[in-house]
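The listed protein sequences derive, respectively, from chains A and B.
Take any residue in the first sequence, count from 1 to its spot, add 135: that is its number in my numbering.
Take any residue in the second sequence, count from 1 to its spot, add 545: that is its number in my numbering.
Yeah, the Cβ is synthetic: ideal placement off N, Cα and C, and Gly gets one too.
Worksheet for the structure shown next.
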Amino acid sequence: MPDLAGPAHDLGRLIEVLDRHGVEYLMVGGVAAIGYGAKRPTEDADCVVRRERANLDRLADALQELNARLRVGGMTDAEARLLPVQIDGTALDMAGMSTWMTDAGPFDVLAGLEAADGQPSGGRDHRLSSGAW
Amino acid sequence: MPAGPTGETQTVPHVTILWDGRRLDSREAVMEWLAEVDAKRAAEAAAPIGA
Numbered sequence: 136m137p138d139l140a141g142p143a144h145d146l147g148r149l150i151e152v153l154d155r156h157g158v159e160y161l162m163v164g165g166v167a168a169i170g171y172g173a174k175r176p177t178e179d180a181d182c183v184v185r186r187e188r189a190n191l192d193r194l195a196d197a198l199q200e201l202n203a204r205l206r207v208g209g210m211t212d213a214e215a216r217l218l219p220v221q222i223d224g225t226a227l228d229m230a231g232m233s234t235w236m237t238d239a240g241p242f243d244v245l246a247g248l249e250a251a252d253g254q255p256s257g258g259r260d261h262r263l264s265s266g267a268w
Numbered sequence: 546m547p548a549g550p551t552g553e554t555q556t557v558p559h560v561t562i563l564w565d566g567r568r569l570d571s572r573e574a575v576m577e578w579l580a581e582v583d584a585k586r587a588a589e590a591a592a593p594i595g596a
């Protein structure tokens, strides 16, 4: 069984980098629950980002600063570092949900969630804001 | 959480999932996707500005 583990969570650093790059995002899942006071373990940080090209470009810059590499099933973090992944807005736009290992720990990105009416959430009035909660 | 054959707890591997449902769960799948990303970058670079 390969060692798939990477760096431990550093949620403060993750949020600081996302904010500094001006990424519009919402933290969701277990991390968001903890932000609301829940006592529960979580393995990674999940966020939803606005699927708009400039925002994805800013996210790409943030991921590069965090030395992000894809998390790929069956591959170790060391092996994944060797993949020739160029992180930019194009790549992020082509992945509906992307899973990364960063120097601030595991980080999952969901882009452009669709609402029940089929409209992309990023184009609706309930804006995604910078900041976690 | 299911237990593995030796009793250890198994975690569900998180993998990147593309819009068409494909999962990047192997090196081969990643390389195929990267080729598609490169093709899109090339198309974007060749497109007229504002198109």
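Query, Result
"Considering only C-alpha positions, which residue in the set B:Leu-563, B:Lys-585, B:Glu-581 and B:Asp-570 is nearest to A:Ala-215?", "B:Asp-570"
"Among A:Thr-237, A:His-144 and A:Thr-225, which one has its Cα closest to the Cα of A:Asp-192?", "A:Thr-225"
"How many whole angstroms separate the CB atoms of A:Arg-175 and A:Ala-168, which I take to be in contact at a CB cut-off of 8 Å?", "6 Å"
"CB A:Val-152 to CB A:Leu-205, shorter than 8 Å?", "no"
"For A:Gly-209, return the contacting residues in chain B, with the cut-off set at a CB-CB distance below 9 Å.", "Pro-558, Asp-570, Ser-571 and Arg-572"
"Go to A:Ala-224, then tell me how far its alpha helix (DSSP H) extends in each direction, as first and last residue.", "Reading off the sequence, residue 224 of chain A comes out as Gly, not Ala. That run of the alpha helix (DSSP H) goes 224-228."
"Quick check on A:Pro-241: buried or exposed, where buried means 16 or more other Cβ atoms within 10 Å of its Cβ?", "buried"
"Between A:Met-210, A:Ala-246, A:Ala-213 and A:Gly-231, which lies nearest to B:Gly-566 when the distance is taken from Cα to Cα?", "A:Gly-231"
"How would you call A:Arg-155, buried or exposed, if buried means at least 16 neighbouring beta carbons within 10 angstroms?", "exposed"
"Closer than 8 Å, CB to CB, is A:Gly-165 near chain B or not?", "no"
"Between A:Thr-177 and B:Thr-561, which are expected to be in contact by the criterion C-beta below 8 Å, what is the C-beta distance as a whole number of angstroms?", "Incorrect: roughly 19 Å between the Cβ atoms, too far for contact."
"Chain B partners of A:Val-220, CB-CB under 7 Å?", "Leu-579"
"What does a CB cutoff of less than 6 Å around A:Leu-198 pick up in its chain, not counting 5 residues either side in sequence?", "Ile-222"
"Rounded to whole angstroms, what's the CA-CA distance from A:Gly-170 to A:Val-183? Just pull it up for me.", "15 Å"
"Compute the distance between the beta-carbons of B:Arg-572 and A:Val-207, then report whether it is under 8 Å.", "yes"
"Pull the bridge partners of A:Tyr-160 from the DSSP assignment, please.", "A:Val-184"
"Which of the three DSSP states is assigned to B:Thr-561 in this structure?", "coil"
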